[in-house]
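With UniProt numbering, letter number 123 in the sequence shown gets 123, and the count goes up by one each step, no holes.
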Amino acid sequence: GRGFAVVAEEIRKLALESANSVERVSQLINSTRDGIKEVAKMIDEDAKKAGDGKTLVDKSEKDFEQISKTVTLVTTLINQVNESTGEQNEGTKKLVSVVEKIASIASDTTATGNSLNIMNLFAQSSMTKLFNPLATSEPIWGSTGIIPTISETKVANNPFFESRIIINFRLLSLQLKL
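Structure, rendered in structure tokens:
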């Protein structure tokens, strides 16, 4: 339970970080767009004011250099966000894998514990029948041996018990016959 809560919290944090990164990129794009609009406005103003073609070309060249630098900066930031998002995705995949392994281990542990409990109950019942036949009115031998078959017990038709448990009981029954 606690492990799942920790994993869920980490996944929530990764999602928040991703959302914050997207918001920052959006702000940078909007800021760049506003900067480009200002540059375009300056170019228009300079074109109207400038009578000399060379002055206009020089100013435009500087403005385009600034636009190029801004685009390069935004591209770098977008690449960093993409890289960060990829790392977060890898972290999320690893967390999911760990959670799946924990769930599998928990399931196997529960099944093993249940199998051992049932085998212990059958062994106790068989020992009682073997060594104290007068303590019970039931016959000492089940249809397949000392241990009664699953259908002879109260756990018959219970989907909780797996087929491998039944096989283990039959093997134990055969071993006790020998």
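Glycine is no exception: its CB is placed at the ideal position from the N, C-alpha and C atoms.
- When the alpha-carbon of Ser21 is set against those of Glu45, Gly86, Glu38, Thr92, the nearest one is in Gly86.
- Remark: C-beta atoms of Glu23 and Gln88 do not approach each other more closely than 8 angstroms.
- Taking the Cα positions, Ala123 is about 25 angstroms away from Ala106.
- With the rule of 3 Cβ pairs closer than 8 angstroms, the segment 91-98 counts as touching the segment 2-12.
- Sequence-distant partners of Leu77 (beyond 5 residues in either direction) whose C-beta falls short of 6 angstroms from its own C-beta, in its chain, are Leu28.
- Using a Cβ distance threshold of 8 angstroms, Val25 and Val81 count as a contacting pair.
- Taking 8 angstroms as the cut-off, the Cβ atoms of Lys59 and Asp46 count as close.
- In this structure, the straight-line span from the alpha carbon of Thr110 to that of Gly91 is close to 29 angstroms.
- Taking Ile36 as the centre and dropping the five residues before and after it, the same chain places the C-beta of Ile67, Thr70 closer than 8 angstroms to its C-beta, in chain order.
- Around the beta-carbon of Ser126, 16 or more other beta-carbon atoms lie within 10 Å, marking it buried.
- Sequence-distant Cβ neighbours of Thr32 in its own chain, meaning closer than 6 angstroms and more than five residues away, are Thr70, Val74.
- The beta carbon of Lys49 lies closer than 8 angstroms to none in the same chain, with the five residues before and after it left out.
- Put simply, of Ala103, Ser115, Met119, Asp108 the residue whose alpha carbon is nearest the alpha carbon of Arg2 is Ala103.
- Taking Val7 as reference, the option from Lys101, Val39, Thr112 with the minimal CA-CA separation is Lys101.
- Between the alpha carbons of Ala5 and Ala15 lies a gap of roughly 15 angstroms.
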